[in-house]
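These notes concern the structure reproduced below.
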Amino acid sequence: MVKGLLCAVLLLITINGHAETWPDQEWAKGTPLTGAALDALDAYAFAPRDDATRQGIRTDALLVIRDGKVIYERYAAPTSASTPHLTWSVSKSLMACVLGVAYGDNRFKLSDPVARFYPPMKQHPTVTMADLLHWASGLDWQEDYEFAPLKSSVVAMLYTRGRADMAEFAANSDTFSAPGRAFRYSSGDSNLLSAALKGMLGHKAYMSYPWDALFTPLGIRNATWETDADETFVASSYAYLTARDLARVGLLMARDGRWKDQQLLPRDWVAFNRQAFDNYKAGQDEATPGGHWWLNQGTPRPWPDAPADTFAALGHWGQALYVMPEQRLVIVRYGDDRDGSYRHNELLKRVLAAVQP
Amino acid sequence: MIRRRPFTSLFLLLLLALLGWVWHERVNLQAFPDIIAAYTAKEYCSCRYVANNPAAYCLGYVKQYLPTSAFNDNPLRSEVTASGLGRTHTARWLGERQGCRLNP
Numbered sequence: 001m002v003k004g005l006l007c008a009v010l011l012l013i014t015i016n017g018h019a020e021t022w023p024d025q026e027w028a029k030g031t032p033l034t035g036a037a038l039d040a041l042d043a044y045a046f047a048p049r050d051d052a053t054r055q056g057i058r059t060d061a062l063l064v065i066r067d068g069k070v071i072y073e074r075y076a077a078p079t080s081a082s083t084p085h086l087t088w089s090v091s092k093s094l095m096a097c098v099l100g101v102a103y104g105d106n107r108f109k110l111s112d113p114v115a116r117f118y119p120p121m122k123q124h125p126t127v128t129m130a131d132l133l134h135w136a137s138g139l140d141w142q143e144d145y146e147f148a149p150l151k152s153s154v155v156a157m158l159y160t161r162g163r164a165d166m167a168e169f170a171a172n173s174d175t176f177s178a179p180g181r182a183f184r185y186s187s188g189d190s191n192l193l194s195a196a197l198k199g200m201l202g203h204k205a206y207m208s209y210p211w212d213a214l215f216t217p218l219g220i221r222n223a224t225w226e227t228d229a230d231e232t233f234v235a236s237s238y239a240y241l242t243a244r245d246l247a248r249v250g251l252l253m254a255r256d257g258r259w260k261d262q263q264l265l266p267r268d269w270v271a272f273n274r275q276a277f278d279n280y281k282a283g284q285d286e287a288t289p290g291g292h293w294w295l296n297q298g299t300p301r302p303w304p305d306a307p308a309d310t311f312a313a314l315g316h317w318g319q320a321l322y323v324m325p326e327q328r329l330v331i332v333r334y335g336d337d338r339d340g341s342y343r344h345n346e347l348l349k350r351v352l353a354a355v356q357p
Numbered sequence: 001m002i003r004r005r006p007f008t009s010l011f012l013l014l015l016l017a018l019l020g021w022v023w024h025e026r027v028n029l030q031a032f033p034d035i036i037a038a039y040t041a042k043e044y045c046s047c048r049y050v051a052n053n054p055a056a057y058c059l060g061y062v063k064q065y066l067p068t069s070a071f072n073d074n075p076l077r078s079e080v081t082a083s084g085l086g087r088t089h090t091a092r093w094l095g096e097r098q099g100c101r102l103n104p
């Protein structure tokens with residue numbers, strides 16, 4: 001009897017000793033960062049802001065989670081803990097998570113042609129779901145935002161010729177390569193994924209799917225995801241989340257798609273997200289593409305001061321969600337960088353210096 | 001002709017090249033003036049009504065190198081209208097989940 005009780009107590013202690021921390025309504029607080037390394041991080045991320053020239057590093061939010069607990073959190077007004085901040089292309093990786101749930105429900109296979117779910121893609125019958133996830137549809141797309149506004153496919157898609165039906169605009173592109181052969185970063189590919197998901201689910205289920213499949217299970221209550229006039233989620237650009245809520249997605253990814261005791265995203269889906277695209281050539285982009293996530297892989301590594309298992313969701317003007325599974329770190333950084341002076345590697349280096357015990 | 005009027009010839013050649021380029025880019029050129037009004041209306045609407053930032057901040061946030069000629073934010077309808085380069089566009093806030101969208 002006494003022995004049994006002792007065993008039970010021991011078992012409880014063991015369970016608690018290994019207990020993972022998960023955010024409930026709020027995030028738990030860990031031991032806050034302190035010291036000189038923290039000052040160096042603050043100095044880099046929150047340099048004095050010049051709103052007249054808009055030059056330099058302009059961080060709106062920086063949140064660091066370790067072991068499921070907040071160890072650093074800072075905002076620059078008017079952004080606050082309750083601001084659903086525009087994530088721009090971080091939305092693409094969020095769509096990858098939403099698709100992961102559909103994948104786990106056997107709604108599609110990676111080798112499925114997109115045209116099966118989205119008929120306008122019959123113009124490009126051999127493009128598969130995996131090709132879109134690798135940004136390797138072979139569609140002739142110009143991603144440049146500000147430097148080539150006349151030729152920019154993404155500006156035309158968001159604001160002019162494509163805005164009524166962004167996926168159709170992308171599907172009507174010419175091709176420059178066979179599908180799956182060449183990487184070319186494309187917001188069109190991401191919106192085609194969104195339209196394919198609609199085809200799998202039907203319009204009604206689709207309209208609440210990002211909330212039903214991802215946001216609600218993660219306890220995210222303030223997400224906005226804008227749609228085009230055809231009611232397709234703008235997966236390329238227009239999801240809005242608070243920094244704390246985006247960090248929940250980071251924790252989900254850091255723990256291999258598991259949320260508490262539920263495997264929300266299949267492990268093989270997360271493995272696909274984190275596997276580098278074979279036909280990517282070093283230097284084509286700022287990091288190595290996986291399955292709609294960015295990886296710190298290749299030679300040289302895109303962010304040499306961060307561990308090789310680092311991966312990220314990245315967006316225009318400095319939006320970032322960094323995940324470091326080995327370090328048990330999740331970092332959300334929102335910004336309004338207009339001149340490209342912000343460096344992922346520099347921020348990650350300073351965060352890592354500040355979290356070392 | 002080229003030897004007697006070198007400048008006129010060069011001018012005509014450049015004009016021809018320009019016309020060729022305009023024809024080649026006619027679809028993009030026709031849509032181009034819409035960008036500034038559509039961008040300003042949509043991104044201001046989202047800045048104000050999705051992210052709930054103050055109006056003054058959102059005005060600065062959407063400022064581009066091209067100026068807008070008219071701007072109106074109607075808080076009662078959560079509707080934002082902007083004009084620039086002779087085009088006018090309106091974006092409206094649709095709800096918590098769907099945020100803002102440009103009117104057709």
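First to last, the sequence lines map onto chains B and V.
Residues in the first sequence are numbered consecutively from 1, following this note's numbering.
Residues in the second sequence are numbered consecutively from 1, following this note's numbering.
All C-beta atoms, glycine included, are put in the ideal place defined by N, C-alpha and C.
What you are looking at is a predicted structure, and each value in this text was computed from that prediction instead of being measured.
**OP:** For the region 160-193 of chain B, enumerate the residues whose C-beta is nearer than 9 Å to any C-beta of chain V, in chain order.
**Re:** Thr160, Arg161, Arg163, Ala164
**OP:** Spatial neighbours of threonine 79 (chain B) within its chain, please: CB distance less than 7 Å, with the 5 preceding and 5 following residues excluded, ordered by chain position.
**Re:** For the purposes of this step, residue 79 (chain B) is taken as residue 79 along the first sequence, with counting starting at 1. Same-chain partners within the cutoff: Asp60, Ala61, His85, Tyr334.
**OP:** Select from the region 216-229 of chain B all residues with a C-beta closer than 9 Å to any C-beta belonging to chain V, and list them in chain order.
**Re:** Asn222, Ala223, Thr224, Trp225, Glu226, Thr227, Asp228, Ala229
Subject >> Enclosing alpha helix (DSSP H) for asparagine 28 (chain V) [first to last residue] >> reply: Start at 1 with the first residue of the second sequence, and residue 28 (chain V) comes out as number 28. Counting along the chain, the alpha helix (DSSP H) containing asparagine 28 (chain V) begins and ends at 26-31.
**OP:** Step through the CB atoms of chain B and report whether any lies within less than 8 Å of the CB of serine 69 (chain V).
**Re:** Taking the second sequence and counting its residues from 1, one reaches residue 69 (chain V) at position 69. No, because no Cβ of chain B sits closer than 8 Å to the Cβ of serine 69 (chain V).
Original post:
How many angstroms separate the CA atom of glutamate 143 (chain B) from the CA atom of tryptophan 211 (chain B)?
Top reply: Translated into the one-based positions of the first sequence, residue 143 (chain B) becomes position 143. Translated into the one-based positions of the first sequence, residue 211 (chain B) becomes position 211. Cα to Cα, the separation comes out at about 28 Å.
Original post:
Looking only at its own chain, which residues have a Cβ that is under 8 Å from the Cβ of alanine 76 (chain B), when we skip the five neighbours before and after it?
Top reply: Here residue 76 (chain B) refers to the residue found at position 76 of the first sequence. Around alanine 76 (chain B): Phe46, Arg49, Arg58, Thr59, Asp60, Ala61.
**OP:** Can you grab the Cα-Cα spacing for the pair threonine 90 (chain V) / alanine 82 (chain V), in whole Å?
**Re:** Within the second sequence, the letter at position 90 stands for residue 90 (chain V). Within the second sequence, the letter at position 82 stands for residue 82 (chain V). Between threonine 90 (chain V) and alanine 82 (chain V), the C-alpha separation is close to 7 Å.
Original post:
Three-state secondary structure (DSSP) at alanine 354 (chain B)?
Top reply: Position 354 of the first sequence, counted from the start, is the residue given in the question as residue 354 (chain B). Looking at alanine 354 (chain B) - three-state DSSP - the assignment turns out to be helix.
**OP:** Would you tell me roughly how many angstroms separate the C-alpha atoms of valine 90 (chain B) and serine 237 (chain B), rounded to the nearest one?
**Re:** One-based indexing of the first sequence puts residue 90 (chain B) at position 90. One-based indexing of the first sequence puts residue 237 (chain B) at position 237. Spanning the two alpha carbons is a distance of roughly 7 Å.
**OP:** Starting from the C-beta of aspartate 174 (chain B), find all residues in its chain whose C-beta is less than 7 Å away, skip the five residues before and the five after it, and write them out in chain order.
**Re:** Within the first sequence, the letter at position 174 stands for residue 174 (chain B). Same-chain partners within the cutoff: Asp140.
Subject >> Spatially closest choice to glutamine 327 (chain B) from B:Gln356, B:Val114, B:Gly290, B:Arg350, by CA coordinates >> reply: Here residue 327 (chain B) refers to the residue found at position 327 of the first sequence. Cα-wise, what sits closest to glutamine 327 (chain B) is B:Gln356.
Original post:
Would you call histidine 24 (chain V) buried or exposed, if buried means 16 or more other Cβ atoms sit within 10 Å of its Cβ?
Top reply: By 1-based counting over the second sequence, the position of residue 24 (chain V) is 24. Label assigned to histidine 24 (chain V): exposed.
Subject >> Contact list for the region 250-284 of chain B against chain V, Cβ threshold 8 Å >> reply: none
Original post:
Is the Cβ-Cβ distance between arginine 244 (chain B) and alanine 81 (chain B) less than 8 Å?
Top reply: As a working mapping, residue 244 (chain B) is identified with position 244 in the first sequence. As a working mapping, residue 81 (chain B) is identified with position 81 in the first sequence. A contact, by the Cβ cut-off of 8 Å.
Original post:
What do you get for phenylalanine 215 (chain B), buried or exposed, if any count of 16 or more other CB atoms within 10 angstroms of its CB means buried?
Top reply: Taking the first sequence and counting its residues from 1, one reaches residue 215 (chain B) at position 215. Phenylalanine 215 (chain B) should be labelled buried.
Original post:
Taking all protein chains shown into account, do 16 or more other C-beta atoms lie within 10 angstroms of the C-beta of leucine 18 (chain V), making it buried, or fewer, making it exposed?
Top reply: Indexing the second sequence from 1 puts residue 18 (chain V) at position 18. Its Cβ having fewer than 16 others within 10 Å, leucine 18 (chain V) is exposed.
**OP:** Run through the region 51-89 of chain B for me and flag every whole beta strand (DSSP E) of 3 or more residues, listed as ranges in chain order.
**Re:** 59-66, 69-75
Original post:
Would leucine 16 (chain V) be called buried (16 or more neighbouring beta carbons within 10 Å of its own) or exposed?
Top reply: Counting from 1 along the second sequence, the entry for residue 16 (chain V) is found at position 16. Leucine 16 (chain V) is exposed by the Cβ-count criterion.
Original post:
Taking Cβ-Cβ distances shorter than 7 Å, what residues in chain B pair up with leucine 102 (chain V)?
Top reply: Translated into positions along the second sequence, residue 102 (chain V) becomes position 102. Ordered by position in chain B, the residues that pass the 7 Å Cβ test against leucine 102 (chain V) are Arg163.
Original post:
At a Cβ threshold of 8 Å, is valine 50 (chain V) touching chain B?
Top reply: Looking up residue 50 (chain V) in the second sequence gives position 50. True, the Cβ-Cβ gap to chain B drops below 8 Å.
Subject >> Those residues which DSSP pairs with cysteine 100 (chain V) across a bridge >> reply: As a first step, residue 100 (chain V) must be located in the second sequence, where it is residue number 100. V:Trp93, per the DSSP bridge assignment.
Original post:
So, helix, strand or coil for alanine 182 (chain B), using DSSP?
Top reply: By 1-based counting over the first sequence, the position of residue 182 (chain B) is 182. The answer is coil: DSSP assigns alanine 182 (chain B) none of H, G, I, E or B.
Original post:
Whose C-beta lies closer than 6 Å to the C-beta of tryptophan 294 (chain B) among residues of the same chain, with five residues either side of it excluded?
Top reply: Working through the first sequence from its first residue, we reach residue 294 (chain B) at position 294. These residues qualify, in order along the chain: Ala287, Ala312, Leu314.
Original post:
From B:His316, B:Lys92, B:Ala306, pick the residue whose C-alpha is nearest to that of leucine 192 (chain B); which is it?
Top reply: Counted from its first residue, the first sequence places residue 192 (chain B) at position 192. Measuring from the Cα of leucine 192 (chain B), the nearest candidate turns out to be B:Lys92.
Original post:
Quick one: which chain B residues come within Cβ less than 7 Å of tyrosine 57 (chain V)?
Top reply: Along the second sequence, one-based indexing puts residue 57 (chain V) at 57. Pro78, listed in chain order.
Subject >> Reduced DSSP category for glutamate 79 (chain V) - H, G, I as helix; E, B as strand; rest coil >> reply: Reading the second sequence from its first residue, position 79 is the one you call residue 79 (chain V). Three-state result, glutamate 79 (chain V): strand.
**OP:** Would you mind reading off the limits of the alpha helix (DSSP H) that contains isoleucine 35 (chain V)?
**Re:** In the second sequence, residue 35 (chain V) corresponds to position 35, counting from 1. From DSSP, the alpha helix (DSSP H) with isoleucine 35 (chain V) extends over 34-45.
**OP:** Can you check DSSP and say which residues form a bridge with alanine 70 (chain V)?
**Re:** Counting from one through the second sequence, the residue named residue 70 (chain V) turns up at place 70. For alanine 70 (chain V), which the question treats as bridged, DSSP gives the partners V:Ser83.
Original post:
Does any residue of chain B bring its CB to less than 8 Å from the CB of glutamate 79 (chain V)?
Top reply: Numbered from its first residue, the second sequence carries residue 79 (chain V) at position 79. No, glutamate 79 (chain V) lies away from the interface with chain B (no Cβ there is under 8 Å from its Cβ).
**OP:** Using a cut-off of 7 Å between C-beta atoms, extract the partners of arginine 26 (chain V) located in chain B.
**Re:** As a working mapping, residue 26 (chain V) is identified with position 26 in the second sequence. Here the premise fails: no neighbours, minimum Cβ distance about 11 Å.
Subject >> Where isoleucine 13 (chain B) sits in the DSSP three-state scheme >> reply: Locating residue 13 (chain B) in the first sequence gives position 13, counting from the first residue. Confidence in isoleucine 13 (chain B) is poor, its pLDDT being 48 and thus under 50, which makes the residue's placement too unreliable to answer from.
**OP:** Please classify valine 154 (chain B): does DSSP put it in a helix, a strand, or coil?
**Re:** Against the first sequence, residue 154 (chain B) aligns to sequence position 154. Valine 154 (chain B): helix per DSSP, three-state reduction.
Original post:
Excluding sequence positions up to five away, which residues of its chain have a Cβ less than 8 Å from the Cβ of asparagine 296 (chain B)?
Top reply: Walking along the first sequence from the start, residue 296 (chain B) turns up at place 296. Cβ within range, chain order: Ala287, Thr288, Pro302, Trp303, Ala306, Pro307, Ala308, Asp309, Thr310, Phe311, Ala312.
Original post:
Going along the chain, which residues of the region 12-37 of chain V sit with their C-beta nearer than 8 Å to a C-beta in chain B?
Top reply: Glu25, Val27, Asn28, Leu29, Ala31, Phe32, Asp34, Ile35
Original post:
What is the rounded straight-line gap between the Cα of tyrosine 44 (chain V) and the Cα of valine 50 (chain V)?
Top reply: Taking the first residue of the second sequence as 1, we reach residue 44 (chain V) at position 44. Taking the first residue of the second sequence as 1, we reach residue 50 (chain V) at position 50. If I take the Cα positions, the gap works out to 10 Å.
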